[in-house]
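Only one structure is covered here, and it is reproduced in the block below.
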Amino acid sequence: MGEVAGLPIPSIFIFIASGVLLGYLFWYRDTSRFEKRIEELERDLNQAGEDNTSSKASAGADDANRDNIKRLSQTIAQREAQLQSLRDDLYDSMETRSELSHTIEALQQEQAASAQTIDGLTEQLAAQQRQLDDHRRSVPAGNTEQMIHEVLDHPASDSNASADADDALIAEITAHVAELQQQLQELSQHNNDLQAEKLALETRLADLLSDHQSLTSEVDENQQASQQLADALAAKQLIQHELDAAIKQLEEVTDVAATQQNAGQRLLQQQHQDLRDQQAELEQIQSDLKASRAAETVAERECEMLRQDIDKLTLQLNYAIEEAERAIGHGEQLAQMAEQQEQTIEQLESTCDQLRQADQERAQTLDQLARTQSEYDQQSEQLTDREHLIEKLRNEMADLSNQADRGLVDAEELELTKTSLEDALAALEQERDIRLRMESTSSEKTSTIAELSRRCEQIEQLQLTIDALTEEATERSERFEHLNNTLQQTETLLEERQQELLLIPELQSQLNLRITTIEQMEQDQQQLTDKLHRQVEAAEQLSKQLRDRETDIAELKLQLDQADQQAEQLAEVERALLESQESITNAMQVNLNQEAHVEELKRKLDALDNVKQQNDWLATELAESKRVNAGLNASLNDQMSEMESLRSLEAELEELEERFFESNKRGTQLAQQRDHIADQLILREEEVASLQRRIQATAELEKQLHLSKREIDQLKQQSDLQTIAFSDQRDELLKLRDASAELEAANKQLDLTHQRLVQANQLSDQLKQKVDQHDELISKTNTRLSLANESVKDLERQLTTKSKQHDELAQQVEQLTDDQQANQELIANLESKLTSMNSLEAESDLLRSKNTDLMGHLRRIGNAHEESLQENERAQESIANLQQEIHQHLQTIRMLRRQRGSFPAIDDEYDAA
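Counting along the sequence shown from 1, when you hit position 258 you're at 258 in UniProt numbering, and nothing is skipped either side.
Structural data, given as C-alpha cells:
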C-alpha cells in the first residue's frame, strides 16, 4: 500500500468519501420544519392584514354611525322646530277658540234677545191686526144701523128737512170716513215698519246663524289641528325613544370598537415583535442556507417544483382575472343602474312638470271659481234686489187690496147715502138696496169661503212642499254624513301614510342589517382573496400579470371615480327628490286647502239650494199672486158686469121716472106696508148681526188656518142654504121693486155713482197696468232664476271635474311616493355598492402592499438562490481542484510506484520495515 504525504492512500479515499458523504447529507438534510415555520409566519402576516382591514372597516362603520347620528340629530332638531311651531299654532288656535266661544255666547244672547223682540213684535202685530179688524167690523155696522134708524124714524112728510139732515149726515159720514182712512194709512205704515223690522231681524238672525256655523267649523278645524299636534307629539316621543336606543347602540358599538381597536393594537405590537423574531430566524436560515452546499439536481428539482407552483399561480391568476372581469361586469351593471336612475330622474322631472301644469290648471280653476263666486255674489245681490222688488209688489198689492176694500166701503157708504136721501115713500127702494147689499155680502161670504177652501188647498200644498223640503234636508244630511265619512277615510289614509313614514327607521335598520351581511360577504370574499394570495409565491412572470392587474386596478379606480361622481349625482338627485317631496307635501297641503275650498263651495251650493228653495217658494207665492190677480181680474169682470147692470139700471131709472107719477098714487098703500117692512128689517138686521158674527168667526178662522175640511163643507152647506134664502128674498125684493116707483133723488145719487164708477174704472185700469208690470217682473225674475240655475249647474259640473282632477292628482302623488321609495331603495343599493367598492379599493391597496412585500421576499429568496448557486459553482470548482490534485497525487503515486519498481532495494527495505 502506498502513502501520500505520510498518509496511506485508502485512508485518504476514506476521508474524501466521508467528506463528500457529509456534504451530501448536509445538503439533503430535513428542512421541512423551516418551511413550516415560514408558512406559519406568512399566515400570521395574513392574519395581521385581515385584522388591520377589519379595524379599518370598523372605523368606517363608526364613521357611518357618526354620520347617521348627525343626520338623526338634524332630523330631531327639525322635528323639534316643527313641534314648536305646531305648539304655537295650537296656543293660537286655543286663544282663537276661547274668543270664538265668547263671541258665540254673545251671539246666542243676542239671538235670544232678538227672538224675544221678534215675539213681542209679532204679538204687537197680531194685536194691532185684531184691533184693525174689530175697527173695520165695528165702523160700518154702527153707521148703517144709525142711518137706518134715522131714516125709519124720519117722518115722510118733511121731505125738505130730511134732505138738509141727509146732507149734514153725508158731511159727517165723509169726515168720519176721512178720519178712518187716515187711521188705516197710519196703521198700514206702522205695519209696514214692523214688517221691515222683522225682515231685518230675520236677516240678522240668518247672518248670526251663518257666523255660528263658520265658528263651529273653525272650532272643529282647531280640534283637528290639536289632534294632529297630539299625533305629532306622540311621533316625536317615538322618534326620541328610537334615537335614545340608537345612541345607546352606537355607544355600545363605539365601546366595542374601542376595545377591539386596543386589542388590535396589542395584536399588532405582538405581531410586529413576532415578525422581528421571524426575520431574525429567517436571517439565520439564510445564513445556514448560504453555508450549505447543494447539488445541481436538488436545484433542478426545486426549479421543477417552482415551475409547478408557477403553473398553479397562473391558474389562480386566470381565476383572479375572471373575477376582475366579473367586477367589470358588475361595474357595467352599476352603470346600467345609474342609467336607469337617470331615466327615473327624467321621469320624476316629467312628473314634476305635470305637477306644475296641474298647479297652473288649479290656479286657473281657482280663478274661475273666484269669477263664479263673484258672479254668484252678483246673482245673490240681484236675488236680494228681486226679493225687495217682490216685497214692494206685495206691499203695493196690499195697498191695492186696501184701496179695493176702501172702494167697497165707499160703495157701501154710497148705498147708505142712497137710503138716507130717499124719502119716506122710497123705503121700499131702500129695502131693495139693503137686500142687494146683503146679496153682495153673501156673495162676498161665498167668495171668502171659496178663498178659504183655496187657502186650505194651498195649506195642503204647502204641507206637501214642507214634506219635500224635509226629505231634501234629510238627503242633504245624508250627503253631509257621506262627506264626513269620506273625510274620515282621507284622514285614515293620511294616518296610514304617517305610519309608513314611521316605518322608515325600521327599514333603515333592515338596510343596516343588509349592509352588515354585505360586509360579512365582503369579509368572506377577502378571505378568499387572502387564500388566493397565500398561494402566490415568488416568480418574475407574476410581476407582468400583476402589472396588468395594476392597470385593471387603475381602470377600476377610474370606474370608482365615475361611481363617486354618480354618487354625487345621486346625492343631488336625493336633494331633488327631497325638494320634490317637499313640493309634494306642499301640493298635499294645497290639495287640503282645495278640499276645504271645495267644502266651502259645497256649503255655498247648499246655500244655493236654499236659495233655490226660496226661489221655489217665491215661485209658489208668485203663482198664488197670479191666482190672486186672477181673482182680482174676476172681481174686475164682476165690477164691469155690475157697471153694465148699473147702466141697465139707468135705463130702468128712466122708465121709473115715467112711472113716478103712477107710483105717487100707490104711496099711500106703501106707507101701510112700510111698518110691516120695518118689522122685517129689524128681523133682517138681527140676521145681519148674526151674519157679521159668522163673518168674524170666518175671519178668525182665516187667521188661524186650521179648520178641517168637514167644517169647510158644513160652512159651504150653510152658505148654500143662505144663498137659497137670499135668492128667495131677492125674488121678493124684485117683486117689491116692481111696486117701488118713487125715486126723485135717485138721479143725483146715480150721477154720483156714475162718477165713482168712472173712478173705479180708472183704478181698475191702473190695477191692470200694475198687474202687467208685475207679470213682466215675474218673467224677468224667472229668466234670471233660470240663468242662476244654469250657473249653479255649471258650478256643479266644474266641481265634479275638479274632484276628478283631485283624485287623479292623489293617484299621481301615490305613484310619486312609490317611485320615490323605489328610488330610495336604488340609492341605498348604490350606496351599499359604493361602500363595497370602497372596501374593494382598500383590499386592492392591501393586495398591492402584500404584492410588494412578496416581491421583495421573492427577490431576497432569488438573491439567496443565486448566492447558493454561486457557492455550488465554487464548491464544484473546489471539487474539480481537489480532483485535479487527487489526479496529480495519483500520478505522483504512479510515478513513485514506477520509481520504486526501478529500485528493488527500496522495495526490500520497505518489506523489511
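Just so you know, even glycine gets a beta-carbon here, dropped at the ideal spot from N, CA and C.
Span separating the alpha-carbon of residue i from that of residue j
i: threonine 492; j: asparagine 485; result: 10 Å
i: alanine 880; j: isoleucine 886; result: 9 Å
i: glutamate 123; j: arginine 130; result: 10 Å
i: leucine 22; j: leucine 882; result: 16 Å
i: asparagine 46; j: arginine 859; result: 19 Å
i: lysine 780; j: aspartate 794; result: 21 Å
i: glutamine 884; j: glutamine 891; result: 10 Å
i: arginine 848; j: leucine 41; result: 19 Å
i: leucine 869; j: alanine 828; result: 59 Å
i: serine 11; j: asparagine 872; result: 26 Å
i: serine 32; j: glutamate 50; result: 27 Å
i: isoleucine 14; j: glutamine 888; result: 18 Å
i: glutamate 825; j: glutamate 814; result: 16 Å
i: threonine 800; j: glutamate 495; result: 26 Å
i: aspartate 853; j: threonine 835; result: 27 Å
i: methionine 855; j: glutamine 74; result: 50 Å
i: glutamine 364; j: arginine 371; result: 10 Å
i: glutamate 471; j: glutamate 478; result: 10 Å
i: leucine 25; j: isoleucine 16; result: 14 Å
i: leucine 558; j: glutamine 489; result: 53 Å
i: asparagine 863; j: aspartate 845; result: 27 Å
i: glutamate 381; j: glutamate 776; result: 20 Å
i: glutamine 811; j: histidine 482; result: 21 Å
i: methionine 895; j: arginine 37; result: 56 Å
i: aspartate 88; j: glutamine 523; result: 52 Å
i: alanine 81; j: aspartate 92; result: 16 Å
i: arginine 693; j: glutamate 686; result: 11 Å
i: serine 18; j: glutamate 35; result: 28 Å
i: residue 932; j: lysine 850; result: The requested residue 932 is not part of the displayed model; the chain covers only 1 to 913.
i: glutamine 84; j: aspartate 807; result: 33 Å
i: aspartate 819; j: glutamate 506; result: 19 Å
i: leucine 683; j: glutamine 769; result: 45 Å
i: serine 157; j: glutamine 189; result: No answer about serine 157 holds up, because its pLDDT of 45 lies below 50 and its placement is not dependable.
Nearest-angstrom beta carbon gap, residue j and residue i [assumed within contact, 8 Å]
i: residue 932; j: isoleucine 861; result: The structure shown does not extend to residue 932, since the chain is modelled only from 1 to 913, so the question has no answer here.
Own chain residues within Cβ distance below 8 Å of residue i, not counting five before or after
i: glutamine 899; result: none
Proximity test, Cβ basis, 8 Å: residue i and chain B
i: isoleucine 861; result: Absence of chain B from the displayed structure is noted, only one protein chain being present.
Same chain, Cβ closer than 6 Å to residue i, five either side skipped, listed in chain order
i: glutamate 475; result: none
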